[in-house]
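Below: the structure, in structure tokens.
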Amino acid sequence: MARFIIFLLLYSAAAIAQVDVSIDKFSDATSFYVSFNNGSGNVSVSNNYSDFVAGNSSMQIDYSFNGGNNFFFTTFKNYSTATKDWSFNITKFMLRYKGGNANSQIKLRLWEDINRNGSNDSEDEVYVCTGPTGAQSSWTLAQFEVANFSKLAGNGNGQLDLNRIRAYDIAVENISNTSQNAQFLFDELLMHSTYSPPQNNGAKLSGSFVQLWNSSGCNCGQWTVQQWKDEMQKMKDVCLNTLVVQYSVYNDLAWYSSSNLAFVQYKESTLDKIFEAAEEKGIKIYVGLYFDENWNNADKNLNATYSNLRVKHQQVINELYNAFALNTSFKGWYIPQEINDLEWQSNSNKNLLFNWLQDVASYAHSKDASKKVMIAPFFNLWMPADVLKDWYNDMLAVATDIDQVFPQDGVGITLKNVYYDVPLFYSKIKEACDANGVEFGATVESFKQTTGWPVDNGVFSAQPTNINTLVAQINEANANQASEIIQFEWTYMQSSLYDDYLNSALCISTNSVVIDEHEFHFYPNPVNEQINFNTVVKSIKVYSNDGVLLKSINNASSLNVEDLAQGFYVLQVQVDSVAIQHKIVVQ
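Mapped onto this note's numbering, the consecutive letters of the sequence shown carry residue numbers 10 to 596.
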């Protein structure tokens with residue numbers, strides 16, 4: 010008998026009603042400025058296993074106060090112009106600590122930077138909230154309610170502007186007249202948001218990026234047509250219908266065999282094979298343009314940086330259009346240079362970038378206005394969400410031929426919280442796209458970075474993410490009404506993550522087909538006992554994934570599947586003169 014299993018859509022995040030977001034795990038004492046008033050001390054990082062709960066370390070402060078009230082020390086963290094946005098439904102901050110003296114009181118102070126210039130100006134204010142005293146032998150969570158913060162300094166609007174935080178500091182004050190010596194450990198600073206993440210909202214992936222390499226990643230640069238057909242069938246099996254090829258020319262290698270560009274020395278026929286397979290499997294293709302790694306370190310203030318690329322993009326567009334425009338699977342263009350809101354903040358280099366984007370996109374449209382032009386920008390926590398919205402408004406007001414903006418969610422690089430940063434910043438990017446008549450989509454990172462910045466100073470490496478995180482990312486993108494949700498990238502799906510996603514059956518549902526103006530449908534799907542049809546059908550057949558006929562019945566309106574093992578099958582139904590084939594999952 011087919012056993013009932015808990016549908017993987019009911020992932021663990023479904024139990025999350027509110028969100029705690031880590032601000033700092035105190036792994037680097039050198040990133041703090043420490044000041045002692047009428048006392049002294051030493052600040053270091055403790056890697057003693059018993060001395061941390063979160064991360065892999067805590068900040069250890071050995072301090073000494075002289076006798077007298079209001080003597081204190083502070084540990085100050087300054088973000089400079091990378092102003093933090095802590096406004097998303099935040100009700101309190103929390104500090105995990107232990108140790109200290111019973112006469113030492115903890116305070117949390119927040120420093121505003123309204124104009125985001127990295128310094129304290131007349132409109133900026135400092136707010137403070139008093140917390141508990143020390144002498145805790147085990148890890149304790151101090152809580153600082155937002156409502157309890159009071160103004161300490163400044164001449165601004167008299168309100169704590171949580172979307173303009175330049176710095177914070179943790180102050181420890183001697184509240185007695187006696188001298189004292191003690192040790193404090195700070196393990197983690199968090200903020201608490203009342204945001205409730207979306208649960209089981211019907212979201213699913215619609216496509217995938219693919220990076221073409223011959224000797225790394227998916228090793229797909231030299232796949233045969235049949236291999237591409239097999240992989241595209243795997244995509245179809247989980248309802249992916251779009252493939253974004255990261256780039257068509259990489260340095261001096263063209264991934265299509267018909268290239269005659271002067272700077273191309275090597276040619277592969279990979280794109281030719283991709284389009285052949287896509288035509289058969291019904292996959293839509295975005296073709297990426299020219300890319301080389303020099304972009305990452307190029308001077309973004311020089312016009313030559315853009316003019317050289319502009320020429321190469323136009324040449325590649327010409328060749329790609331001539332080679333593949335007649336393919337029904339050719340959906341559009343992808344501009345592969347990564348765009349971010351850090352390198353382009355001044356008006357001069359914003360103008361260079363935005364006009365360059367418009368030039369490339371308008372040239373692509375000159376070939377065929379129906380082919381969409383997509384970008385997938387990267388954003389980090391360098392500016393508040395409302396400022397990021399303004400940045401996108403500025404870009405789309407100039408680059409009017411950009412059709413689709415699919416920002417990367419940044420969860421894979423470990424700096425973004427899927428339940429805080431993604432909904433906050435995605436919502437503002439979506440508002441900018443809507444205001445400019447541009448389609449908003451999402452690029453979800455299906456990996457977890459293990460080395461390289463920002464994890465460490467090593468070379469970038471990553472592993473596939475887990476299914477719970479991926480489903481949470483997909484649900485957040487869908488909650489912000491992403492038109493399509495594209496995962497980056499196919500390499501990470503060539504692992505158990507694919508099977509986990511397949512078994513989650515995110516794309517399985519009750520299925521309806523209109524035949525001669527009459528609706529035919531079958532249900533449920535997934536199924537664990539019996540498939541039902543809304544009419545008597547000529548024949549019902551169930552095949553294994555490798556084409557073996559397992560069950561067959563004629564002139565029936567239902568089919569019992571209790572004897573089938575859990576898994577995916579192909580259902581084939583003959584309705585009048587029409588044959589219908591669909592994937593089903595037996596639980």
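Backbone N, C-alpha and C define an ideal beta-carbon position, used for all residues, glycine too.
Owing to the predicted nature of the structure, the values given are computational and were not obtained by experimental measurement.
Worksheet entry | Beta-carbon proximity list for L614, same chain, < 7 Å, skipping 5 on both sides | Because the chain here runs from 10 to 596, residue 614 falls outside it and cannot be looked at.
Worksheet entry | Coil, strand or helix - T519 by DSSP | By 1-based counting over the sequence shown, the position of residue 519 is 510. A caution first: T519 carries a pLDDT of 48, below 50, which makes its placement in the model unreliable, though a value can still be read off. Coil, per DSSP.
Worksheet item: At what residues does the alpha helix (DSSP H) containing D122 begin and finish?
Response: Your numbering for residue 122 matches position 113 in the sequence shown. D122 -> no alpha helix (DSSP H), and no H or E assigned at all.
Worksheet entry | For G108 and Q192, believed in contact at Cβ under 8 Å, the rounded distance | Against the sequence shown, residue 192 aligns to sequence position 183. Against the sequence shown, residue 108 aligns to sequence position 99. That pair is a contact at about 5 Å.
Discussion item. Quick check: the Cα distance between F577 and S40, rounded to an integer number of angstroms?
Written reply: In the sequence shown, the residue the question calls residue 577 occupies position 568. In the sequence shown, the residue the question calls residue 40 occupies position 31. Looking at the two C-alpha atoms, the distance is approximately 52 Å.
Fill in: Contiguous alpha helix (DSSP H) assignments of at least 4 residues, all confined to the segment 65-142
none
Worksheet item: If you check the beta carbons only, do Y295 and V253 fall under 7 Å apart?
Response: Counting from one through the sequence shown, the residue named residue 295 turns up at place 286. Counting from one through the sequence shown, the residue named residue 253 turns up at place 244. A contact, by the Cβ cut-off of 7 Å.
Discussion item. Can you give me the C-alpha to C-alpha distance between Y507 and L479, rounded to a whole angstrom?
Written reply: Here residue 507 refers to the residue found at position 498 of the sequence shown. Here residue 479 refers to the residue found at position 470 of the sequence shown. C-alpha separation (whole angstroms): 11 Å.
Worksheet item: By Cβ distance, which residues of its chain are closer than 8 Å to S407, with the 5 residues on each side in sequence left out?
Response: Translated into positions along the sequence shown, residue 407 becomes position 398. The sequence given here places Val at residue 407; Ser does not occur at that position. N360, F363, N364, L366, Q367.
Worksheet item: Less than 7 Å separating the beta-carbons of A162 and V135?
Response: Walking along the sequence shown from the start, residue 162 turns up at place 153. Walking along the sequence shown from the start, residue 135 turns up at place 126. A contact, by the Cβ cut-off of 7 Å.
Worksheet item: beta strand (DSSP E) containing E197: first to last residue?
Response: For the purposes of this step, residue 197 is identified with residue 188 of the sequence shown, where counting begins at 1. Taken as a continuous stretch (DSSP letters only), the beta strand (DSSP E) holding E197 covers 189-202.
Fill in: Where Q255 falls, given that 16 or more other Cβ within 10 Å makes a residue buried
By one-based count along the sequence shown, residue 255 stands at place 246. Q255 should be labelled buried.
Item to complete: Look at the Cβ atom of G230, then the Cβ atom of T279, and state whether they are nearer than 7 Å.
Response: Residue numbering aside, residue 230 sits at position 221 when the sequence shown is read from its first letter. Residue numbering aside, residue 279 sits at position 270 when the sequence shown is read from its first letter. Yes; because the gap between Cβ atoms is below 7 Å, this pair is in contact.
Practice prompt. Pair every Cβ in the segment 88-96 with every Cβ in the segment 179-195, then say whether three or more of these pairs are closer than 8 Å.
Written response: no
Discussion item. Within a Cβ cutoff of 7 Å, which residues of the same chain sit near Q600, ignoring the five residues on either side of it in sequence?
Written reply: A question about residue 600 goes unanswered here, because the residues of the chain that appear run from 10 up to 596.
Worksheet item: Does DSSP put N51 in a helix, a strand or coil?
Response: The sequence position of residue 51 within the sequence shown is 42, counting from 1. DSSP places N51 in strand when its eight states are reduced to three.
Discussion item. Distance check for M241 and T519, CA to CA, integer angstroms please.
Written reply: Numbered from 1 along the sequence shown, position 510 holds the residue referred to as residue 519. Numbered from 1 along the sequence shown, position 232 holds the residue referred to as residue 241. Any reading at T519 is ruled out, since the residue's pLDDT is 48, under 50, leaving its predicted position unreliable.
Worksheet item: With which residues is F218 paired in a DSSP beta bridge?
Response: Taking the first residue of the sequence shown as position 1, residue 218 is located at position 209. In DSSP, F218 forms a bridge with V253.
Fill in: Inter-residue CB distance, D196 and F35 (contact presumed, cutoff 8 Å)
By one-based count along the sequence shown, residue 196 stands at place 187. By one-based count along the sequence shown, residue 35 stands at place 26. Correct: roughly 7 Å between the Cβ atoms.
Practice prompt. Specify the secondary structure class of P473 as computed by DSSP and reduced to three states.
Written response: Reading the sequence shown from its first residue, position 464 is the one you call residue 473. Here P473 sits in strand by DSSP.
Worksheet entry | F497 (DSSP reduced to helix, strand or coil) | On the sequence shown, position 488 is the one that residue 497 refers to. It is a strand residue.
Discussion item. Which same chain residues end up closer than 8 Å to L257 when comparing Cβ atoms and leaving out the 5 residues on each side of it in sequence?
Written reply: Looking up residue 257 in the sequence shown gives position 248. Sequence inspection shows Ser at residue 257; the Leu mentioned does not correspond to that position. Excluding residues within five positions, the ones whose Cβ falls inside 8 Å are A263, W264, Y265, L280, V296, G297, L298, Y299, V325, L329.
Fill in: Option nearest L171 by Cα separation, candidates N186, T187, Q145, S202
Reading the sequence shown from its first residue, position 162 is the one you call residue 171. That would be S202, whose Cα lies nearest to the Cα of L171.
Fill in: Distance between beta carbons of Q458 and I422, contact taken as under 8 Å
Here the question's residue 422 lines up with position 413 in the sequence shown. Here the question's residue 458 lines up with position 449 in the sequence shown. Indeed, because the Cβ distance is near 5 Å, the residues count as touching under 8 Å.
Practice prompt. Look at the Cβ atom of A144, then the Cβ atom of N110, and state whether they are nearer than 7 Å.
Written response: Translated into the one-based positions of the sequence shown, residue 144 becomes position 135. Translated into the one-based positions of the sequence shown, residue 110 becomes position 101. Contact flag set, yes.
Worksheet item: Less than 7 Å separating the beta-carbons of L405 and N445?
Response: The sequence position of residue 405 within the sequence shown is 396, counting from 1. The sequence position of residue 445 within the sequence shown is 436, counting from 1. Yes, the Cβ-Cβ distance between L405 and N445 is below 7 Å.
Worksheet entry | Stretch-stretch touch, CB-based, cutoff 8 Å, three pairs: the segment 341-350 with the segment 374-388 | yes
Worksheet item: Over what stretch of residues does the beta strand (DSSP E) that includes A212 continue unbroken?
Response: Taking the first residue of the sequence shown as position 1, residue 212 is located at position 203. Careful: A212 lies outside any beta strand (DSSP E) and carries neither H nor E.
Fill in: Pick from N269, A471, N210 that is closest to V420, judged by C-alpha positions
Numbered from its first residue, the sequence shown carries residue 420 at position 411. Minimum Cα distance to V420 is reached at A471.
Worksheet item: Looking at the structure shown, is F45 part of a helix, part of a strand, or coil, going by DSSP?
Response: Here the question's residue 45 lines up with position 36 in the sequence shown. Of the three classes helix, strand and coil, the one that applies to F45 here is strand, per DSSP.
Worksheet entry | Limits of the unbroken beta strand (DSSP E) element including W148 | Counting from 1 along the sequence shown, the entry for residue 148 is found at position 139. It spans 145-154 - the beta strand (DSSP E) in which W148 sits, taken as one unbroken run.
Discussion item. Between L573, Y552, Y501, which has its C-alpha nearest S225's C-alpha?
Written reply: Against the sequence shown, residue 225 aligns to sequence position 216. If we check each option's Cα against that of S225, Y501 comes out closest.
Practice prompt. With DSSP collapsed to three states, give me the class of K309.
Written response: As a working note, residue 309 is residue 300 in the sequence shown. Of the three classes helix, strand and coil, the one that applies to K309 here is coil, per DSSP.
Fill in: G76 vs N186 beta-carbon contact at 7 Å
For the purposes of this step, residue 76 is identified with residue 67 of the sequence shown, where counting begins at 1. For the purposes of this step, residue 186 is identified with residue 177 of the sequence shown, where counting begins at 1. In contact: G76 and N186 (Cβ atoms closer than 7 Å).
Item to complete: Could you spell out the range, first to last residue, of the alpha helix (DSSP H) harbouring F284?
Response: For the purposes of this step, residue 284 is taken as residue 275 along the sequence shown, with counting starting at 1. Segment 279-290, the alpha helix (DSSP H) holding F284.
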